[in-house]
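Residue numbers (this note's numbering): 3 to 389. Glycine is no exception: its CB is placed at the ideal position from the N, C-alpha and C atoms. Please read these numbers as outputs of a predicted model, since none were measured by experiment. Please read the structure below before turning to the comments.
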């Protein structure tokens with residue numbers, strides 16, 4: 003297996019990761035290595051770095067289905083709660099408690115049975131150090147799976163090699179608002195799209211689809227990973243920053259008249275940039291990508307809004323986008339890896355991205371951990387609608 007660390011940038015990221023590792027270890031305290039249960043598991047052995055909303059829900063459901071899953075997390079209180087009481091998973095009116103195998107990040111050194119797959123489910127800005135940290139715990143013929151928002155597949159490939167990395171496009175919505183509990187907040191029939199970076203149809207991709215399908219219906223193989231990534235990126239860029247900036251829940255972002263036109267313009271910008279890069283953009287939660295471009299240019303606006311009402315109806319409970327969760331907790335956001343990434347790629351391809359640029363500016367100007375959600379924050383962006 004080829005792992006290529008390139009340049010001082012990655013050395014600095016590795017140092018930053020080590021600092022995070024030590025900090026989490028000090029917070030968690032020294033604890034005994036996880037006990038071996040002796041249970042017989044089905045399928046491949048899976049490690050998940052990042053046990054919050056998506057990592058926790060996915061890992062918990064895989065555990066419930068009988069798979070051998072270890073979830074590594076940095077939140078000591080969350081890990082402690084799961085160790086003491088199991089992981090509670092809520093979806094619609096259903097609730098299940100799962101004996102998920104959570105470990106603190108400082109306990110990872112005790113793992114001596116390597117993983118077939120490592121799911122990377124941390125924030126985008128933690129990608130590099132998390133991948134480096136998990137490297138020694140992956141089998142020689144194992145593979146990483148990118149389970150993140152944004153388009154981090156290229157960054158992951160630079161560390162581990164594209165041949166050692168698959169991607170998974172997440173179409174569920176989830177939250178982790180208190181220790182030991184994860185929520186799935188949507189009712190979408192589609193959950194995960196899994197594929198190779200080069201679009202090839204491989205045995206390992208099919209194995210992973212089968213594995214994840216056993217835990218969640220709506221899991222499919224895709225030979226258009228990056229086209230699906232850009233479709234999901236468009237959704238994230240429309241919903242996440244505006245949720246964090248305004249405080250509106252995800253369903254309201256899709257339909258609230260205060261943000262509707264801005265949402266459409268942002269989605270169209272992402273689609274145009276993705277297409278300029280040569281990607282065939284998939285549907286956005288069942289809505290054809292071209293509908294956003296048409297509406298942004300003044301065509302068939304009502305048709306799009308009818309479709310977005312349907313999407314909002316499938317959003318389930320009034321969930322908080324991950325971006326809004328970060329703002330509420332005064333944490334760093336993923337703005338640079340969402341709209342910021344689109345603005346960067348737009349600059350390279352010559353595609354204007356004024357609405358993405360404006361959203362990025364609002365978040366940057368507020369500073370890390372200092373943004374206060376308020377619909378009035380969108381005023382500078384709204385002025386662009388009249389130009």
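- Of the other Cβ atoms in all chains shown, fewer than 16 fall within 10 Å of the Cβ of residue 203; this residue is therefore exposed.
- Comparing C-alpha distances from residue 134 to each of 324, 345, 163 shows the shortest one belongs to 163.
- Leaving aside the five residues that flank residue 238 on each side, the residues in its chain whose CB is nearer than 6 Å to its CB run, in chain order, 151, 340.
- Sixteen is the threshold: since fewer than 16 other Cβ atoms of the shown chains lie within 10 Å of the Cβ of residue 308, the residue is exposed.
- Classified as exposed, residue 376 has fewer than 16 neighbouring CB atoms from the shown chains inside 10 Å of its CB.
- Within the stretch 193–262, the runs of beta strand (DSSP E) that reach at least 3 residues and sit entirely inside it are, in chain order, 194–198, 221–223.
- Linking residue 312 to residue 388 through their CA atoms gives a straight-line distance of about 28 Å.
- In the same chain as residue 270, and ignoring 5 residues on each side of it, the C-beta atoms closer than 7 Å to its own belong to 294, 295, 298, in chain order.
- Counting only the Cα atoms, residue 176 lies some 33 Å from residue 300.
- Residue 220 and residue 192 do touch by the CB rule: their CB atoms are close to 5 Å apart, below 8 Å.
- Two segments are said to touch when three or more pairs of C-beta atoms, one from each, lie closer than 8 Å; by this definition the stretch 332–349 touches the stretch 140–160.
- 247 is the residue among 247, 275, 145, 207 whose C-alpha sits nearest the C-alpha of residue 380.
- Counting along the chain, the unbroken alpha helix (DSSP H) around residue 330 starts and ends at 324–330.
- As the crow flies, the alpha-carbon of residue 52 is around 12 Å from that of residue 71.
- The beta carbon of residue 100 sits closer than 7 Å to those of 62, 65, 66, 88, 89, 91, all from its chain and outside the five residues before and after it, given in chain order.
- In the three-state scheme derived from DSSP, where H, G and I count as helix and E and B as strand, residue 121 is classed as strand.
- A distance of 8 Å or more separates the beta carbons of residue 110 and residue 156.
- The DSSP assignment places 103–106, 117–122, 140–148, 167–172, 176–180 as complete runs of the beta strand (DSSP E) inside the stretch 99–180, in order along the chain (cut-off: 3 residues).
- By the neighbour-count criterion, in which 16 or more other beta carbons inside 10 Å mark a residue as buried, residue 265 falls on the buried side.
- Rounded to the nearest angstrom, the gap between the Cα atoms of residue 304 and residue 383 is 22 Å.
- Within the model, the alpha-carbon separation for residue 261 versus residue 240 is close to 10 Å.
- Cβ contact annotation for residue 199 (same chain, cutoff 8 Å, sequence separation greater than five): 155, 159, 164, 167, 168, 169, 227, 228, in chain order.
- Here DSSP, grouped into helix, strand and coil, assigns residue 281 to coil.
- DSSP places residue 185 in the strand class (E or B) of the three-state scheme.
- In the three-state DSSP reduction, residue 333 falls in the coil class, being neither helix nor strand.
- Around the beta carbon of residue 201, fewer than 16 other beta carbons sit within 10 angstroms, so the residue counts as exposed.
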